[in-house]
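For reference, the structure discussed in these notes is given below.
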Amino acid sequence: MGEKNKMYNMALEVSNLSKKFDGFSLSNISFKIEKGSIMGFIGENGAGKTTTMKLILNAFERDGGEIKVFGLDNIQNEREIKQKIGYAADEDCLCIGSTLGAHAKAYAKIFKNWDEKLFKKYVELWNLPLKKKLTDFSKGMKMKAMLALAFARRPELLLLDEPAAGLDPVARIELLDILRDFVADGERSVLISSHITSDLDKAADYITLIIDGEIAESEPLDILEEKYALISGSIDDLRGKEYELVGVRKGEMTFDALVLREKLKLFPGVAVHTPNLENILTFSIWGRRERRRKA
Amino acid sequence: MKINISYDSDKPMYEQIKDSIIKSILNGELKSNEALPSVRQLAKDLNVSMITTKRAYFELELAGFVYTVSGKGTFVRLESLDKARESKKMQMLDALSQTFSEMKSAGIKKYEIEQKLNETYGGEEQNV
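Protein chains in written order, with the numbering used here: chain Z, 173 to 467; chain S, 115 to 242.
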């Protein structure tokens with residue numbers, strides 16, 4: 173019973189997912205998204221974020237593992253799940269020769285949850301022309317058009333791949349508000365990848381960090397902030413203890429480093445700060461590279 | 115209610131929010147049984163994640179400053195002014211201990227501190 177309830181509370185469960193390409197592999201990744209939450213998906217270019225999203229959409233075949241959307245296998249129940257998942261990505265998923273108005277008409281027919289009022293609201297907010305050909309839209313306008321369509325579908329799970337790319341700062345901040353509103357009823361969830369980690373600092377409930385096709389972290393944002401500390405001091409403070417750090421950036425005299433909070437007592441006298449996502453991301457990656465170099 | 119948060123603090127965001135709300139209770143801006151903004155509204159106003167505001171309210175409830183009525187919201191607890199005063203007192207005493215250690219290492223003698231103390235509290239013993 174308890175287990176069944178738990179299943180019901182999950183929007184997405186990715187377990188041991190793997191996919192091998194030439195020169196890249198996604199290795200047994202697992203993470204879960206609770207209903208009503210926003211998960212930020214962060215990592216370097218080529219770390220596997222887009223691949224993961226495309227596997228969720230079953231855009232190509234996985235090699236192993238399992239993906240469940242609202243408890244249903246994403247391949248066996250593809251048709252049902254496609255109604256529930258929305259997707260907007262950096263690369264165009266629009267018919268470029270057509271207009272936004274024509275897209276909205278088609279979407280209204282295909283998707284049963286289509287919310288015309290909501291669509292109009294975004295069209296007005298972002299001043300989107302309905303009758304202009306999408307070929308004549310700027311990059312940012314195309315992204316806004318895609319987002320308006322994706323949100324107005326009212327999907328239960330929304331996958332956003334780098335939606336902030338090409339958006340002006342005003343629209344980026346507005347997007348954060350829209351995201352918060354979107355999940356507010358506790359039924360809808362978002363997986364959003366972004367290189368603008370400061371946006372995710374402000375809107376994400378959970379963070380999944382992917383490095384070289386492996387999950388390095390998947391935790392609530394507040395737990396991550398508590399798990400790590402950002403320290404800075406003089407190089408002498410590090411002597412013989414560098415291996416205790418998650419990652420470090422050294423200058424000639426001083427250093428900045430990310431360290432597990434439980435190890436802070438090993439570094440007396442250093443300045444301590446709460447890390448943001450950018451710190452966690454960059455130092456984790458630098459640390460991993462350094463260890464690989466030494467191995 | 116005023117909430118000051120800084121992205122540059124060594125305190126986690128939820129703790130900054132929690133401390134700000136305790137401060138508002140202490141200075142009388144927030145009264146007993148007054149409703150706090152919803153988790154969602156506060157997240158929007160402060161431009162932070164909902165999990166951050168949720169955590170702040172959770173910690174406030176755990177510490178006895180607020181109570182939650184499901185479906186209605188979060189409210190300031192009646193006894194929370196006493197609690198806020200108590201917590202402020204503890205904070206000040208902690209800060210004092212810190213200052214004392216610094217004074218000790220700076221070579222300030224105990225009688226010198228006592229002299230200063232007497233200027234404020236008077237000479238007589240106060241046991242209450």
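Even for Gly, the Cβ is constructed at its ideal location relative to N, Cα and C.
Within 7 angstroms, strictly: CB atoms of residue i and residue j
i      : j      : result
Z/T222 : Z/D384 : no
Z/L300 : Z/L272 : yes
Z/E397 : Z/T446 : yes
Z/H275 : Z/L321 : yes
Z/S202 : Z/N188 : yes
Z/A376 : Z/I210 : yes
Z/E416 : Z/K399 : no
Z/F439 : Z/I382 : no
Z/N230 : Z/N249 : no
Z/D287 : Z/R326 : yes
S/Y128 : S/R154 : no
S/T167 : S/V180 : no
Z/I239 : Z/I253 : no
Z/I205 : Z/S361 : yes
Z/M315 : Z/L339 : yes
Cα-Cα separation, residue i to residue j
i      : j      : result
S/L174 : S/G185 : 18 angstroms
Z/A336 : Z/S390 : 21 angstroms
S/N118 : S/I131 : 7 angstroms
Z/I452 : Z/D357 : 30 angstroms
Z/G208 : Z/A443 : 37 angstroms
Z/K374 : S/I165 : 10 angstroms
Z/C265 : Z/K422 : 43 angstroms
Z/G312 : Z/I364 : 17 angstroms
Z/K411 : Z/V418 : Inspection of the sequence shows that residue 411 of chain Z is occupied by Arg rather than by Lys. When rounded, the distance between both Cα atoms is 15 angstroms.
S/A177 : S/Y121 : 24 angstroms
Z/G395 : Z/R352 : Before going further, note that residue 395 of chain Z is Ile rather than Gly in the sequence given. Approximately 20 angstroms between the Cα atoms of the pair.
Z/L198 : Z/G215 : 13 angstroms
Z/D428 : Z/D308 : 46 angstroms
Z/E386 : Z/Y180 : 26 angstroms
Z/Y294 : S/K116 : 31 angstroms
Z/E450 : Z/E462 : 18 angstroms
S/N232 : Z/L347 : 59 angstroms
Z/M318 : Z/F213 : 19 angstroms
Z/N177 : Z/G243 : Its pLDDT being 48, under 50, Z/N177 is placed unreliably in this model, and the value from its coordinates should be taken loosely. Approximately 11 angstroms, taken between the alpha carbons.
Z/T454 : S/P126 : 19 angstroms
Z/C267 : Z/I457 : 37 angstroms
S/S215 : S/I227 : 12 angstroms
S/Q229 : Z/T380 : 57 angstroms
S/K223 : S/D124 : 32 angstroms
Z/D349 : Z/V342 : 11 angstroms
S/D196 : S/T182 : 19 angstroms
Z/A278 : Z/K304 : 16 angstroms
Z/G236 : Z/M225 : 15 angstroms
Z/R460 : S/S138 : 44 angstroms
S/P151 : Z/F354 : 19 angstroms
S/I135 : S/Q205 : 15 angstroms
Z/L302 : Z/E359 : 30 angstroms
Z/L430 : Z/K437 : 14 angstroms
Where residue i falls, given that 16 or more other Cβ within 10 Å makes a residue buried
i      : result
S/E143 : exposed
Z/W233 : Per the sequence shown, the amino acid found at residue 233 of chain Z is Glu instead of Trp. Flag for Z/E233 reads exposed.
Z/L432 : exposed
Z/E328 : buried
S/Y235 : exposed
Z/T369 : buried
Z/E183 : It should be noted that the sequence gives Ala, not Glu, for residue 183 of chain Z. Classification for Z/A183: buried.
Z/A324 : buried
S/N141 : exposed
Z/G174 : Because Z/G174 carries a pLDDT of 42, less than 50, the predicted location of this residue cannot be relied on, and the following value inherits that uncertainty. Looking at its Cβ environment, which holds fewer than 16 other Cβ atoms inside 10 Å, Z/G174 is exposed.
Z/K191 : buried
Z/F193 : exposed
Z/K256 : buried
Z/A467 : exposed
S/V242 : Any reading at S/V242 must be qualified, since the residue scores a pLDDT of 49, below 50, and its modelled position is unreliable; no value is offered.
Z/S310 : exposed
Residue i beta carbon near the ligand ADP (any heavy atom closer than 6 angstroms)
i      : result
S/D133 : Inclusion of the ligand ADP in the displayed structure is not the case, the ligand content being empty and no account of it being possible.
Practice item. Give the residues from the region 160–188 of chain S that approach chain Z closer than 7 angstroms (Cβ to any Cβ), ordered along the chain. Key: N161, V162, S163, M164, I165, T166 and R169
Review point. On the three-pair Cβ rule with 8 angstroms, is the region 129–149 of chain S touching the region 191–208 of chain S?
Key: yes
**Study point:** Residues in the region 373–390 of chain Z having any Cβ partner in chain S nearer than 9 angstroms
**Key:** D373, K374, A375, A376, D377 and Y378
Point to revise | Under 8 angstroms (Cβ pairs) to chain Z, residues found in the region 125–140 of chain S | key: K125, P126, M127 and Y128
**Study point:** Contact set between the region 187–217 of chain S and chain Z, restricted to residues whose Cβ is under 9 angstroms from the partner
**Key:** none
Exercise for review: Say whether the region 196–208 of chain S touches the region 161–171 of chain S, bearing in mind that this needs 3 or more beta-carbon pairs closer than 8 angstroms, one atom from each stretch.
Suggested key: no
Practice item. Check whether the region 259–269 of chain Z touches the region 279–290 of chain Z, counting contact only when three or more Cβ pairs, one atom from each stretch, lie closer than 8 angstroms. Key: no
Check your understanding: If you measure beta-carbon to beta-carbon, which residues of the region 142–157 of chain S are closer than 8 angstroms to chain Z?
Key -> R154 and A157
Point to revise | the region 433–447 of chain Z: positions lying closer than 9 angstroms to chain S by Cβ | key: A443, V444, H445 and T446
Check your understanding: If you measure beta-carbon to beta-carbon, which residues of the region 390–409 of chain Z are closer than 7 angstroms to chain S?
Key -> P392, L393, D394, E397 and E398
Point to revise | Selection of the region 328–356 of chain Z by Cβ proximity to chain S, strictly under 9 angstroms | key: I345, L348, D349, R352, D353, V355 and A356
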